[in-house]
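Asker:
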Amino acid sequence: MATIYARGRTSMAGRLLGTFWKQSRTGAGIAVWAGILVVLAILVMAILAPWIAPFDPNVKVANPETPPGGSFPMGTDRSGQDVLSRIIWGARVPLSIVAVSTILSLVIGLPLGLFFWYKGGRADRLLVLVMDSVYAFPGLLLAITIAAVIGRGILNISVAIAVVYAPTYFRVIRNHVSSVKQQTYVEAATALGIPRGGIISRYILPNVSQNVPVIFSINAADAILTEAGLTFLGLGLPPGIPDWGFDISLNWQRFDYSWWATFYPGLFILILATALTFVGEGLNDILNPLLRKRAPPPAGGA
Amino acid sequence: MTDPLLEFEDLQVHFPVYKGFVQRLLGGGDVRVHAVDGVSFALQEGEVFGLVGESGCGKSTIARTLVGIARATGGHFRFRGQDVTDPDRKTLFHLREQIQMIHQDPHAALSPAMTVGQAISDVIRVHGVRSESEGAAQAPSEEQVREAVYRVLEEVDLRPPSFFYTKFPDELSGGQKQRVVLGRVLALRPSVVVADEPLAMLDMSVRARMLEFLLELKARFGLTYLFITHDLATAKFVCDRIAIMYLGRIVEMGPAKEIYADPKHPYTRALLAAIPIPDPTKRRTQELPRGEVPDAVHPPAGCRFHPRCPVALPTCGWEGRDLLDFLEERWLDPEAEKREAALGPIEAWDAEDLEAGRPVEGSGDAEKRLLDSSLASAPASLREAIDRISLEEGELRVTFRAPAMLEPKKVGDRIVECLLY
Amino acid sequence: MKPLLEVEDLSVTFETEAGRVHAIHHVNLELTRGITLGLVGESGCGKSTLGRAILRILAENGAVTGRVRFDGRDLMGLKEKELRTIRGRNIAMIFQDPATRLNPLMRIRDHFIDTLRSHEGEIETKDALERARGVLADVRVPVDRLAMYPHELSGGMRQRIMIALSLLFHPTLLLADEPTTSLDVIIEAQILDLLRNLMHSYDMSVLLITHNLGLVAQFADRVAVMYAGEIVEEGETVSLFQEPKHPYTQGLLRSVIDLETTQLYSVPGTPPDLLGEPKGCPFYPRCNQRIEICKTVDPTPKTVGDDGRRVACHLY
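Chains as they are written, first to last, in our numbering: chain G, -1 to 300; chain V, 45 to 465; chain P, 61 to 376.
Here's what the structure looks like:
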């Protein structure tokens, strides 16, 4: 029975995109689209900050704790800075940290997960032990510890967060490799004389990486929260750079007097994290049925 | 007689049993699965050699050893005279261009993420374009690769090639997938093709077609087949010679037609009798062997088939374990179990090699008498294999005689491993 | 005598992403008490679906029309609660792969206790085990297996345990869906011998669903041949094998490779796609005896001859 999504497509990526397109009108599809749009909107907002932010975020522009209204749609914080401008500029740090750290996690975790196939044995068992220990550690705590050790700076925070999430990639990929490794087609490829490097890149990786977009999105969502937590605690950022988490730490004690200064940064953190989660969960719903369908059908005719 | 294309000499392939960390600490010694335990045969060029047996007999392991996925742990494996038992990487690479395998489940043998074209061209790119002339292959161009794939697709009757080139495995039928697998293998122009149950997953009404196709390919490309199957009927039709395997050893080997006409080994006879004949007027009359294939980690002593063999001799390898199996089966009947309750439960017994015993209270005479009476219903060969039943150190002990040496013997036109001959 | 099982005009369709699949199309079947009926066909013909439809254990996207009368009662009209008392008690089913049917986390004895408790409510553990030992003896499985987990047992042993579980309530009908397909030939023969004995000692009828013509020949009193969701021929085993009337049955029997085969034969073509409403005889494209009417009109089963043979073919 021909799989209609595959009509004319000659690559696996093409098929997945095709499915994705077809599923756009389902609940999962809508979730993914909504999530992507929100993330894009925030990204655009961050990029265009110098042009769309009404005020310089670090400059006192009005009386402190002015309620929202008029030229300050989100009011001002306790230092008299425009909250809206701080929101717009404040998107840059979380986005860049999350981007760098999730890519770093992927770059560290994925190859290590594949390494399992190559070696197995003692080296692999050691790696699993290390990864599991890191994984078991409460993420935020670990990030704090690493950040405290390696010092401040956007790159350093990214590294700290990357370390926290790398084990997730490692575990998922490794488990997948573990099951794929036993598959007949890997054995068949070996019997055909395909060298090991080729087997990893052409036979194992394509069949193992379907979960990556999902992990990526969910990790990103989580990373947003971790980053906010770190900056909230005052770790990592040099002063003078707007950041949502940091803003919360600046203003939360004055919540009764100027709730907007705490509320809006918190809201945006929530929006971004939720949007990324939608993307991840939606992708999961879409991609997994497709993969399950590829399970071998019962014996057939010639 | 010409030199064989391929031969095994006392081949052994053992796999270690993975024991957990803690278990290993507690000891337990070296435990291995004796998948192939001393197999010798020679494959002649151009023949169809059948390897027949039930699951666990080692036939699939032999297939995997031939293509280098499993490594021999003992004995010799020779190809065209060259010893390739423990090949280095380069030898293995070239060997794989000569010996190839097709699997039982064609869907599982193809990566779900690769199209037909990608799957076949990958092989061609790795090994180079093979043509009818045995020239050394230089790195082929993309155009040459594509041409070669098209040619292969035509050879396996997947026309038009351009249509199938872009298909993924889940868009094809079982038979089509099997042809893709065949094509992928033929791209290497091997001399030997190991077919591991190639028909098992196909419907009955189309098996014949695939079988004809396989024979056609054999004729066209001058292939030699090692045909692995549990289906004796198909093996009879298509094979020139067959070897019947049981638990890692070959029990009978010879020309196919003769073996079917006059099976000599009791296991061969049992297999033939068990096949359900699609003729309702011919119902099976022969008794089936008892029990199931035992595990390959601790195979039975002597002849491995002896615990199930309807015509076993006292010297076939009876040992402690067999006594326990006999008692256990006997006590399936609740009457017998009650009567001999003093001898039970089975967990109280302990068996090691040629001895079996259980602790007894007091003199143990009552238990001994019970044992004697229950042994009256045991198979005669088991009974006669008992050397003595003794009562010592508070234990009722049964000791068996050592079994006779078992070796493959030449009987007429074939080789049989059985003490009956 | 009133038949034990009567399937009347049964149709099953599945809604899939690719469209509506007509898995079973107006099937009629009868099983009399004490008789074994073999339902034979190749993959995709609908035989497994028929077995499941009888017990109403189809997947969610399946829709059933028609009637299934068991001992006079129409199962299609029953509520789930009433059906559950019949399922497992009066009608039992065993499947192809016992490994996936047994819970890997439960010991064998827990399987028995669980099954007994779901049907009979509160029952003492020791009574449950007593009954378990009883059926285990009937299937020739040693009692010490009760303490084991499914993965510690061989395939043949697991199937025997599945059979034992199905015998607990003395069902009058046993549906066996490819029970020996994953087993070796000697074990297969043992299991079938076992089933034959159990049929007598438990006074049970068996519906054997399989693709193996040899099994059907050896085991069944009557045979029904299925193709593309329809029963194309049905009759007494001996007579059907000796004189198959439907072209598909003839082709199928010819293509079987047995010990006497001297020439290979396969039915040309492939089974049809079950998507979309069937038009005409489903075997038309592959039939070598077809006539004009076969293309447009789906033949209804007719009684042919005087030994109870029914054939769905325009040639008769």
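All residues carry an ideal CB built from backbone N, CA and C; glycine is no exception.
DSSP three-state call for V/Glu405: helix, strand or coil?
Answerer: For the purposes of this step, residue 405 of chain V is taken as residue 361 along the second sequence, with counting starting at 1. Coil.
Asker: Give the straight-line distance between the Cα atoms of V/Val189 and G/Val175, rounded to the nearest whole angstrom.
Answerer: Here residue 189 of chain V corresponds to residue number 145 of the second sequence, with the count starting at 1. Here residue 175 of chain G corresponds to residue number 177 of the first sequence, with the count starting at 1. Between the C-alpha atoms of V/Val189 and G/Val175 there is a straight-line separation of about 30 Å.
Asker: Using only the alpha-carbon positions, how far apart do G/Pro294 and V/Ala152 sit?
Answerer: As a working mapping, residue 294 of chain G is identified with position 296 in the first sequence. As a working mapping, residue 152 of chain V is identified with position 108 in the second sequence. At G/Pro294 the pLDDT is 40, less than 50, meaning the model places this residue with poor confidence and gives no usable figure here.
Asker: CB P/Asp244 to CB V/Ala277, shorter than 7 Å?
Answerer: The residue labelled residue 244 of chain P in the question sits at position 184 within the third sequence. The residue labelled residue 277 of chain V in the question sits at position 233 within the second sequence. Result no, Cβ atoms of P/Asp244 and V/Ala277 do not sit closer than 7 Å.
Asker: Quick check: what's the CA-CA separation for V/Ser177 versus P/Pro338?
Answerer: As a first step, residue 177 of chain V is located in the second sequence; it is residue number 133 there, counting from the start. As a first step, residue 338 of chain P is located in the third sequence; it is residue number 278 there, counting from the start. Note that V/Ser177 has pLDDT 47, beneath the 50 cutoff, so the model's placement of it is unreliable and the number below is only indicative. Distance between the alpha carbons of V/Ser177 and P/Pro338 is about 52 Å.
Asker: Please return the same chain residues whose Cβ sits closer than 6 Å to the Cβ of G/Val36, not counting the five positions on each side in sequence.
Answerer: Position 38 of the first sequence, counted from the first residue, corresponds to residue 36 of chain G. So the list reads Ala273, once near-sequence residues are dropped.
Asker: Looking only at DSSP bridge pairs, what is P/His306 linked to?
Answerer: The residue given as residue 306 of chain P occupies position 246 in the third sequence. Bridge partners of P/His306: none, in fact.
Asker: Using a C-beta to C-beta distance shorter than 7 Å, which residues of chain V count as neighbours of G/Glu185?
Answerer: Position 187 of the first sequence, counting from 1, holds the residue named residue 185 of chain G. In chain order: Ile113.
Asker: According to DSSP, is P/Arg256 part of a helix, a strand, or is it coil?
Answerer: What you label residue 256 of chain P is simply residue 196 of the third sequence in a count that begins at 1. Here P/Arg256 sits in helix by DSSP.
Asker: Between the Cα of P/Ala377 and those of P/Gly104, P/Ala159, P/Glu142, spot the shortest distance and give me the residue it belongs to.
Answerer: The displayed coordinates of chain P run from 61 to 376. Any statement about residue 377 of chain P would go beyond what the structure contains.
Asker: Can you give the Cα-Cα distance for G/Asp160 and G/Gly151, rounded to whole angstroms?
Answerer: As a working note, residue 160 of chain G is residue 162 in the first sequence. As a working note, residue 151 of chain G is residue 153 in the first sequence. Sequence check: residue 160 of chain G is Ala here, not Asp. Cα-Cα distance, rounded: 14 Å.
Asker: Quick one, are the C-beta atoms of G/Pro66 and G/Trp258 less than 7 Å apart?
Answerer: Counting from 1 along the first sequence, the entry for residue 66 of chain G is found at position 68. Counting from 1 along the first sequence, the entry for residue 258 of chain G is found at position 260. Going by C-beta atoms, G/Pro66 is nearer than 7 Å to G/Trp258.
Asker: Which residue comes first and which comes last in the alpha helix (DSSP H) that contains V/Ser84?
Answerer: Your numbering for residue 84 of chain V matches position 40 in the second sequence. From DSSP, V/Ser84 is part of no alpha helix (DSSP H) but of the beta strand (DSSP E) over 76 to 87.
Asker: Classify G/Thr24 as helix, strand or coil using the three-state DSSP reduction.
Answerer: The count along the first sequence starts at 1 and reaches residue 24 of chain G at position 26. Coil, per DSSP.
Asker: Taking the alpha helix (DSSP H) that G/Ser131 falls in, what are its first and last residues?
Answerer: Along the first sequence, read from residue 1 onward, the residue named residue 131 of chain G stands at position 133. Per DSSP, G/Ser131 belongs to the alpha helix (DSSP H) from 119 to 134.
Asker: Using three-state DSSP, classify P/Glu68 as helix, strand or coil.
Answerer: Along the third sequence, read from residue 1 onward, the residue named residue 68 of chain P stands at position 8. Correct three-state label for P/Glu68: strand.
Asker: Would a check of beta-carbon distances place G/Ala189 closer than 7 Å to chain V?
Answerer: Locating residue 189 of chain G in the first sequence gives position 191, counting from the first residue. So, interface residue.
Asker: Apart from the five residues on each side of it in sequence, which residues of its chain come closer than 8 Å, Cβ to Cβ, to P/Thr356?
Answerer: Counting from one through the third sequence, the residue named residue 356 of chain P turns up at place 296. Closer than 8 Å at Cβ, skipping near neighbours: Lys339, Gly340.
Asker: Going along chain V in order, which residues have a C-beta closer than 7 Å to the C-beta of P/Ser261?
Answerer: Indexing the third sequence from 1 puts residue 261 of chain P at position 201. By Cβ distance, chain V contributes nothing, its closest Cβ being about 14 Å from P/Ser261, past 7 Å.
Asker: Let me check you understand the geometry: is the CB of P/Arg205 closer than 6 Å to at least one non-hydrogen atom of the ligand GTP?
Answerer: Looking at this structure, you won't find the ligand GTP or any other ligand, since it has none at all.
Asker: Can you give me the C-alpha to C-alpha distance between P/Leu147 and P/Ala249, rounded to a whole angstrom?
Answerer: Counting from 1 along the third sequence, the entry for residue 147 of chain P is found at position 87. Counting from 1 along the third sequence, the entry for residue 249 of chain P is found at position 189. The displayed chain sequence assigns Arg, not Leu, to residue 147 of chain P. Roughly 27 Å between the two C-alpha positions.
Asker: Would you mind telling me which residues of chain V sit closer than 9 Å to G/Gly118, beta carbon to beta carbon, in chain order?
Answerer: Sequence index remark: in the first sequence, residue 118 of chain G carries index 120 (1-based). Near G/Gly118 there are no residues of chain V at all, since even the closest Cβ is about 11 Å away, more than 9 Å.
Asker: Once DSSP output is grouped into helix, strand and coil, what is the label at G/Pro295?
Answerer: On the first sequence, position 297 is the one that residue 295 of chain G refers to. At G/Pro295, the pLDDT of 41 sits below 50, so the modelled position is not reliable and the matter cannot be decided from this model.
Asker: Please report the distance separating the alpha-carbon of V/Glu384 from that of V/Leu376.
Answerer: Start at 1 with the first residue of the second sequence, and residue 384 of chain V comes out as number 340. Start at 1 with the first residue of the second sequence, and residue 376 of chain V comes out as number 332. Using only the alpha carbons, I get a separation of about 12 Å.
Asker: Give the single residue among V/Gly97, V/Phe59, V/Phe52 whose Cα lies nearest to the Cα of V/Arg313.
Answerer: For this step, residue 313 of chain V is matched to residue 269 along the second sequence. Minimum Cα distance to V/Arg313 is reached at V/Gly97.
Asker: Answer yes or no: does any C-beta atom of chain V fall closer than 7 Å to that of G/Thr182?
Answerer: For the purposes of this step, residue 182 of chain G is taken as residue 184 along the first sequence, with counting starting at 1. Chain V, which has a Cβ nearer than 7 Å to the Cβ of G/Thr182, makes this yes.
Asker: So what's V/Leu55 in DSSP terms, helix, strand or just coil?
Answerer: Here residue 55 of chain V corresponds to residue number 11 of the second sequence, with the count starting at 1. If DSSP states are grouped into helix, strand and coil, V/Leu55 belongs with the strands.
Asker: In chain order, what residues of the region 198 to 227 of chain P put their CB closer than 9 Å to some CB of chain V?
Answerer: Arg200, Val201, Pro202, Val203, Asp204, Ser214, Gly215, Gly216, Met217
Asker: Go ahead and pull the three-state DSSP assignment for P/Leu176.
Answerer: One-based indexing of the third sequence puts residue 176 of chain P at position 116. P/Leu176 falls in the helix class under three-state DSSP.
Asker: Measuring only between beta-carbons, confirm whether G/Pro211 sits less than 7 Å from chain V.
Answerer: Numbered from 1 along the first sequence, position 213 holds the residue referred to as residue 211 of chain G. G/Pro211 does not count as touching chain V.
Asker: Would P/Leu273 pass as an interface residue toward chain V - the criterion being a Cβ-Cβ separation below 7 Å?
Answerer: On the third sequence, position 213 is the one that residue 273 of chain P refers to. Yes, its Cβ sits closer than 7 Å to a Cβ of chain V.
Asker: For V/Val167, return the contacting residues in chain G, with the cut-off set at a CB-CB distance below 8 Å.
Answerer: Here the question's residue 167 of chain V lines up with position 123 in the second sequence. Correct list: Leu190, Gly191, Ile192.
Asker: Taking just the CA atoms, how far does G/Leu38 sit from P/Ser242?
Answerer: For the purposes of this step, residue 242 of chain P is taken as the residue at position 182 of the third sequence. For the purposes of this step, residue 38 of chain G is taken as the residue at position 40 of the first sequence. Whole-angstrom Cα-Cα distance: 53 Å.
Asker: What residue range does the beta strand (DSSP E) around P/Ala152 cover?
Answerer: Here residue 152 of chain P is taken as the residue at index 92 of the third sequence, counted from 1. Start and end: 151 to 154.
Asker: So what's V/Met254 in DSSP terms, helix, strand or just coil?
Answerer: Against the second sequence, residue 254 of chain V aligns to sequence position 210. In the three-state DSSP reduction, V/Met254 falls in the helix class (H, G or I).
Asker: Can you check the region 193 to 258 of chain V for any alpha helix (DSSP H) of at least 4 residues that lies completely inside it and give the ranges in chain order?
Answerer: Runs found: 205 to 209, 218 to 230.
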